[in-house]
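**Student:** Residue numbers (the numbering used here), protein chains in the order written: chain A, 40 to 382; chain B, 40 to 382; chain C, 40 to 382. Beta carbons: idealized from backbone N, C-alpha and C, even for Gly. The following block contains the structure, expressed as structure tokens.
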Amino acid sequence: MRPETKTENRKAPTVIDSPPSENLQLDNNGRLRHFLSIDGLNRELLTEILDTAESFTGVSERTVKKVPLLRGKVITNLFFETSTRTRTTFELAAKRLSADVLSLNISASSTSKGETLLDTLRNLEAMHCDMFVVRHNDSGAANFIATHTAPHISVVNAGDGRHSHPTQAMLDMFTIRRHKQKFSGLKVAIVGDILHSRVARSQILALNTLGAEEVRVIAPKTLLPADVASLGVKVFYDLEQGIQDADVVIMLRLQRERMGSAMLPSEHEYFQLYGLTDERLEAAHPDAIVMHPGPINRGVEMDSQVADGPRSVILQQVSFGIAVRMAVMSMAMGTVTPGAAKR
Amino acid sequence: MRPETKTENRKAPTVIDSPPSENLQLDNNGRLRHFLSIDGLNRELLTEILDTAESFTGVSERTVKKVPLLRGKVITNLFFETSTRTRTTFELAAKRLSADVLSLNISASSTSKGETLLDTLRNLEAMHCDMFVVRHNDSGAANFIATHTAPHISVVNAGDGRHSHPTQAMLDMFTIRRHKQKFSGLKVAIVGDILHSRVARSQILALNTLGAEEVRVIAPKTLLPADVASLGVKVFYDLEQGIQDADVVIMLRLQRERMGSAMLPSEHEYFQLYGLTDERLEAAHPDAIVMHPGPINRGVEMDSQVADGPRSVILQQVSFGIAVRMAVMSMAMGTVTPGAAKR
Amino acid sequence: MRPETKTENRKAPTVIDSPPSENLQLDNNGRLRHFLSIDGLNRELLTEILDTAESFTGVSERTVKKVPLLRGKVITNLFFETSTRTRTTFELAAKRLSADVLSLNISASSTSKGETLLDTLRNLEAMHCDMFVVRHNDSGAANFIATHTAPHISVVNAGDGRHSHPTQAMLDMFTIRRHKQKFSGLKVAIVGDILHSRVARSQILALNTLGAEEVRVIAPKTLLPADVASLGVKVFYDLEQGIQDADVVIMLRLQRERMGSAMLPSEHEYFQLYGLTDERLEAAHPDAIVMHPGPINRGVEMDSQVADGPRSVILQQVSFGIAVRMAVMSMAMGTVTPGAAKR
Numbered sequence: 040m041r042p043e044t045k046t047e048n049r050k051a052p053t054v055i056d057s058p059p060s061e062n063l064q065l066d067n068n069g070r071l072r073h074f075l076s077i078d079g080l081n082r083e084l085l086t087e088i089l090d091t092a093e094s095f096t097g098v099s100e101r102t103v104k105k106v107p108l109l110r111g112k113v114i115t116n117l118f119f120e121t122s123t124r125t126r127t128t129f130e131l132a133a134k135r136l137s138a139d140v141l142s143l144n145i146s147a148s149s150t151s152k153g154e155t156l157l158d159t160l161r162n163l164e165a166m167h168c169d170m171f172v173v174r175h176n177d178s179g180a181a182n183f184i185a186t187h188t189a190p191h192i193s194v195v196n197a198g199d200g201r202h203s204h205p206t207q208a209m210l211d212m213f214t215i216r217r218h219k220q221k222f223s224g225l226k227v228a229i230v231g232d233i234l235h236s237r238v239a240r241s242q243i244l245a246l247n248t249l250g251a252e253e254v255r256v257i258a259p260k261t262l263l264p265a266d267v268a269s270l271g272v273k274v275f276y277d278l279e280q281g282i283q284d285a286d287v288v289i290m291l292r293l294q295r296e297r298m299g300s301a302m303l304p305s306e307h308e309y310f311q312l313y314g315l316t317d318e319r320l321e322a323a324h325p326d327a328i329v330m331h332p333g334p335i336n337r338g339v340e341m342d343s344q345v346a347d348g349p350r351s352v353i354l355q356q357v358s359f360g361i362a363v364r365m366a367v368m369s370m371a372m373g374t375v376t377p378g379a380a381k382r
Numbered sequence: 040m041r042p043e044t045k046t047e048n049r050k051a052p053t054v055i056d057s058p059p060s061e062n063l064q065l066d067n068n069g070r071l072r073h074f075l076s077i078d079g080l081n082r083e084l085l086t087e088i089l090d091t092a093e094s095f096t097g098v099s100e101r102t103v104k105k106v107p108l109l110r111g112k113v114i115t116n117l118f119f120e121t122s123t124r125t126r127t128t129f130e131l132a133a134k135r136l137s138a139d140v141l142s143l144n145i146s147a148s149s150t151s152k153g154e155t156l157l158d159t160l161r162n163l164e165a166m167h168c169d170m171f172v173v174r175h176n177d178s179g180a181a182n183f184i185a186t187h188t189a190p191h192i193s194v195v196n197a198g199d200g201r202h203s204h205p206t207q208a209m210l211d212m213f214t215i216r217r218h219k220q221k222f223s224g225l226k227v228a229i230v231g232d233i234l235h236s237r238v239a240r241s242q243i244l245a246l247n248t249l250g251a252e253e254v255r256v257i258a259p260k261t262l263l264p265a266d267v268a269s270l271g272v273k274v275f276y277d278l279e280q281g282i283q284d285a286d287v288v289i290m291l292r293l294q295r296e297r298m299g300s301a302m303l304p305s306e307h308e309y310f311q312l313y314g315l316t317d318e319r320l321e322a323a324h325p326d327a328i329v330m331h332p333g334p335i336n337r338g339v340e341m342d343s344q345v346a347d348g349p350r351s352v353i354l355q356q357v358s359f360g361i362a363v364r365m366a367v368m369s370m371a372m373g374t375v376t377p378g379a380a381k382r
Numbered sequence: 040m041r042p043e044t045k046t047e048n049r050k051a052p053t054v055i056d057s058p059p060s061e062n063l064q065l066d067n068n069g070r071l072r073h074f075l076s077i078d079g080l081n082r083e084l085l086t087e088i089l090d091t092a093e094s095f096t097g098v099s100e101r102t103v104k105k106v107p108l109l110r111g112k113v114i115t116n117l118f119f120e121t122s123t124r125t126r127t128t129f130e131l132a133a134k135r136l137s138a139d140v141l142s143l144n145i146s147a148s149s150t151s152k153g154e155t156l157l158d159t160l161r162n163l164e165a166m167h168c169d170m171f172v173v174r175h176n177d178s179g180a181a182n183f184i185a186t187h188t189a190p191h192i193s194v195v196n197a198g199d200g201r202h203s204h205p206t207q208a209m210l211d212m213f214t215i216r217r218h219k220q221k222f223s224g225l226k227v228a229i230v231g232d233i234l235h236s237r238v239a240r241s242q243i244l245a246l247n248t249l250g251a252e253e254v255r256v257i258a259p260k261t262l263l264p265a266d267v268a269s270l271g272v273k274v275f276y277d278l279e280q281g282i283q284d285a286d287v288v289i290m291l292r293l294q295r296e297r298m299g300s301a302m303l304p305s306e307h308e309y310f311q312l313y314g315l316t317d318e319r320l321e322a323a324h325p326d327a328i329v330m331h332p333g334p335i336n337r338g339v340e341m342d343s344q345v346a347d348g349p350r351s352v353i354l355q356q357v358s359f360g361i362a363v364r365m366a367v368m369s370m371a372m373g374t375v376t377p378g379a380a381k382r
């Protein structure tokens, strides 16, 4: 079979401004095709991701940590923003599915020869890559790439600007479900820099879609988005009030480069106001779990006693992250069937 | 079996000046052993490469993009000059043949410890690597390495200085044959910086060996080599005259770093004189195809309308590049037999 | 199975000062669990490593250079100190055992986000990595990591500060045994910068444990450790006296950055005093072999005539290095049984 000559007239845009499309993520049968954002995915589909991930948790515990679901497929990591940790979890997930992994620092390689992003995509498509895992510091980058890629390619968003980090949100949902069984009736508190956090945005959407009773955000006013009310959350400015009776306390990572600006006091002062300690945690539900997307700034977002304490499920989040990424990848590639996860 | 003690007295040369040897590329039975240059390979062998590549084009379209021809072999990318794109295609070709791939930035790693190139080669041989894919900015580097390597190693030239880029030339030949079926009767025009182009040099040799009717080069005088007449080409200084009735138009990539020097006018002026537009392309044969080794400088070598237009086969070149590199690698490793491709 | 919540209260130490523990390397049945140092391993275990490596030498010579012993395992290279050569041999050894390899430049990736070493380890454990291959410029780093890692992880020391480089020592022992059959009765001379050499320290321990008759060190006083007498060696300051009748002459690599300091004269002067030449080598036993851990500084530690001459086994050391690393990795992972090597 010969590759078709592309006949469309493509122009290389310099601004990434494609509007997010709800349907872009789904094929005509309503199955996952790209995984770009929690937005536009319903409870059934999110639950299918969690169920599929559940079926994969065993793989990482086996002697031979491999299933052949993506054998012979090429997963390409397109990381425009460095993240060893996220890249590593996607790489491990891909290898456990038996895929080949190509890791490209695309920004460096393409800009050095003056190639446009679209030309880079066209070339990777022509090389018969099957999936792009995209990390970019511009909001909307993964959507843009999914909009402009060839029909045989699936795109997974590994974090774009302040917009979305949907695999992180889903591994958080997975961890919550493991400990709390269901979302109904749960009070979840998210603490920290909501304004700049793609993680928080995706978590709030996922929690509301999955039916959590109450989602709270706790932050100083300078770190809350203007439209915070419209996100479907209760806003608190005080940590102890906000985590009162919470079943789940999610601490966000503080970007140290924002410290000392007008937005944020010193690290020490931040910890005084919003840092989690064993003492403060007593306000939460006695069975509350503590989460953090990592890496932790010990002594800033929380005490080491909390991070390493009995309520912390932070390392479980990392473990479950592999299974959740395996689920999203194999679903988007159409190599697992919806029933499979329940067998 | 014990590795033999090397008894030859080797000296580490500081200049890479080994003369190209016709026979170096072939074993005693006339089969491919190294792939260094089009020079010295006859029409039968070039055709065998194209036929073998033809048998591999299907692999990239399969669900499982793998054949086990090089399973357990170690292909080592020795890139002394950065080229993400070329390295990626060789890596994908190797993985589709089920080989293990080792990518070394040898210059950086060896110079930092003051090791000579020959010592580096000896060490990789002792580690039982099977193939070196060599990219180097010195003409003759791949020849030099092939001359000095152990008998069990095959060397593939992935571009050396201004000398040769034979896998690029062969993927171009493959693309031409796919569209034009045969080379006899074909008029092929090569446009751009002939002087500095290893791609052009290899293309001219391949086209003449495969029996193209007429090979033309089109360039300003400053970008033509002094011995251009001896290459077996017709020389044109005017684009429209040069592509008159051409069946194939190959645009070379312009090295931007040469712009503004005595050799070259501005990018704008270059485009005015040698840039390909839909209008100018009307001078060529109505079925003419347009090629480019990539990455394209849009608006310099050609308009986006041409690059993305119906006559462009630029992305097919990329696709076929994987199959051609699979063919060369497996032939040099002796894991495909001449008959296999015709079955 | 759910990952357990870690309940210990861990503190991130800033100094790596854990004392080496003899038993840390062995499990309750006396089998290898970590491979950190020659210290604390008895002759039987060292011999088992050599015997297992013997059974693997054939793998690198096969058409398909693979055995499935570590299929589905994840070997993580944690290199805090760059070493392309050592990393490459571990990577090839892991791939020949069919493992997946993750190469992390941990120092760069973790420090850039301010994560502590222990948090990095905890995360890699949570991702279900199976082995850490550690290279670090602090003595004791591998011990520290082995002390603090999860029970399912094995640690292999790929060189830590001035302390130990046990896989290098074992490949040297393997090479000696191949040529001399046994250690009893052997005179082995180690020449060069003993003071800063982790290689020398490990070699001396291994030679004495395996029963070599006499281990000699030859160096200027400034390059000998204060406690040299306690190492179980005979000390020589003169090269020709020291290699008299030696069966094995091991030349250490000279760190050029130490040249010109108070410790060392110029390279030229060093060669005059301690450089090995064919002439000087006549003092050794007529069947003496010459070894070097590589990369060689030609004309500093030895003449090219010696390096490439008939007594040099330097490239065999490299080849055997793969088999020895395969042995250590598969033994520490419990995937080869003691009897297997003798079959």
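For Gln311(A), is the classification buried or exposed, using 16 other Cβ atoms within 10 angstroms of its Cβ as the cut-off for buried?
**Tutor:** exposed
**Student:** Ends of the alpha helix (DSSP H) at Gly281(B)?
**Tutor:** 278-281
**Student:** Rounded to whole angstroms, what is the Cα-Cα separation between Thr123(A) and Val140(B)?
**Tutor:** Per the coordinates, the alpha-carbon of Thr123(A) lies some 21 Å from the alpha-carbon of Val140(B).
**Student:** Listed in chain order, which residues of the stretch 93-114 of chain B have Cβ atoms closer than 8 Å to some Cβ of chain C?
**Tutor:** Arg110, Gly111, Lys112, Val113
**Student:** From which residue to which residue does the alpha helix (DSSP H) around Thr360(A) run?
**Tutor:** Contrary to the premise, residue 360(A) reads as Gly rather than Thr in this sequence. Where Gly360(A) is concerned, the enclosing alpha helix (DSSP H) stretches over 353-371.
**Student:** Quick check: is the beta carbon of Thr400(B) nearer than 9 Å to any beta carbon in chain C?
**Tutor:** Absent from the model: residue 400(B). The displayed extent of chain B is 40 to 382, so no value can be given.
**Student:** Between which two residues does the beta strand (DSSP E) harbouring Met290(A) extend?
**Tutor:** 287-290
**Student:** Less than 9 Å between the C-beta atoms of Leu293(C) and Ile229(C), yes or no?
**Tutor:** One thing to note: Leu293(C) has its Cβ no nearer than 9 Å to the Cβ of Ile229(C).
**Student:** Grab the span of the alpha helix (DSSP H) containing Ser343(C) for me, first residue to last.
**Tutor:** Looking at the DSSP string, the run of the alpha helix (DSSP H) that includes Ser343(C) is 343-346.
**Student:** Within 9 Å of any Cβ in chain E, is that where the Cβ of Thr188(C) sits?
**Tutor:** The structure shown contains no chain E; its protein chains are A, B and C.
**Student:** To the nearest angstrom, report how far apart Arg364(A) and Val194(A) are at their CA atoms.
**Tutor:** 12 Å
**Student:** Under a three-way DSSP split, which group does His202(C) fall into?
**Tutor:** Correct three-state label for His202(C): coil.
**Student:** Using a C-beta cutoff of 9 Å, does Thr389(C) count as contacting chain A?
**Tutor:** Since the first residue of chain C shown is 40 and the last is 382, residue 389(C) is not available in this structure.
**Student:** Taking Met385(B) as the query, report the chain C residues whose CB atoms sit under 7 Å from its CB, ordered along the chain.
**Tutor:** Chain B is shown from 40 up to 382; residue 385(B) falls before or after that span and cannot be answered.
**Student:** Please name the residue in Ile361(A), Thr316(A), Thr186(A), Val339(A) whose C-alpha comes closest to that of Val345(A).
**Tutor:** Thr316(A)
**Student:** For Ala133(B), which three-state DSSP category applies?
**Tutor:** helix
**Student:** Counting only Cβ pairs nearer than 8 Å, list the residues of chain C close to Asn162(B).
**Tutor:** Neighbours of Asn162(B) on chain C, chain order: Arg124, Gly333, Pro334, Leu354, Val357.
**Student:** To the nearest whole angstrom, what separates the beta carbons of Val238(C) and Leu246(C), a pair I think is in contact under 8 Å?
**Tutor:** The pair is not a contact, with the Cβ atoms about 12 Å apart (cut-off 8 Å).
**Student:** What residue from Leu249(A), Ser269(A), Gly231(A), Val287(A) has the CA that sits closest to Lys260(A)'s CA?
**Tutor:** Residue Gly231(A) is the option with its Cα nearest to Lys260(A).
**Student:** For Ala208(A) versus Leu244(A), is the C-beta spacing smaller than 9 Å?
**Tutor:** yes
**Student:** Grab me the residues of Tyr309(A)'s own chain with a C-beta within less than 8 Å of its C-beta, minus the 5 sequence neighbours each way, in chain order.
**Tutor:** Leu293, Met298, Leu303, Val339
**Student:** Classify Pro332(A) as buried or exposed, calling it buried when 16 or more other Cβ atoms lie within 10 Å of its own Cβ.
**Tutor:** buried
**Student:** Leaving out five residues before and five after His218(A) in sequence, what residues of the same chain have Cβ atoms less than 6 Å from its Cβ?
**Tutor:** Ile328
**Student:** Does the separation of the CB atoms of Arg72(C) and Ala323(C) fall below 9 Å?
**Tutor:** no
**Student:** Using 8 Å as the cut-off, can you tell me whether the stretch 98-112 of chain A makes contact with the stretch 128-142 of chain A, which would need three or more C-beta pairs spanning the two stretches below that distance?
**Tutor:** yes
**Student:** Measuring straight from C-alpha to C-alpha, what distance separates His235(B) and Phe183(B)?
**Tutor:** 21 Å
**Student:** Whether or not the stretch 124-135 of chain B and the stretch 92-108 of chain B are in contact is what I'm after, with contact meaning three or more pairs of Cβ atoms, one per stretch, closer than 8 Å; do they touch?
**Tutor:** yes
**Student:** So Val375(C) and Thr91(C) are supposed to be a Cβ contact under 8 Å. How far apart are they, rounded?
**Tutor:** Confirmed, Cβ separation roughly 6 Å.
**Student:** Looking only at C-alpha atoms, which of Phe119(A), Ile289(A), Asp347(A), Glu130(A) sits nearest to Met212(A)?
**Tutor:** Ile289(A)
**Student:** Where does Lys260(A) sit, in a helix, a strand or coil, going by DSSP?
**Tutor:** When DSSP states are grouped into helix, strand and coil, Lys260(A) belongs to the helix group.
**Student:** Give the straight-line distance between the Cα atoms of Ile282(C) and Ile257(C), rounded to the nearest whole angstrom.
**Tutor:** 8 Å
**Student:** Using a Cβ-Cβ cutoff of less than 7 Å, which residues in the same chain neighbour Ala366(B) once the five nearest sequence positions on both sides are dropped?
**Tutor:** Ile88, Thr91, Ala92, Phe95
**Student:** Of all the CB atoms in chain C, is at least one closer than 9 Å to the CB of Ile361(A)?
**Tutor:** yes
**Student:** Taking the alpha-carbon positions, what's the Asp277(C) to Tyr313(C) distance?
**Tutor:** Taking C-alpha positions only, Asp277(C) is separated from Tyr313(C) by approximately 8 Å.
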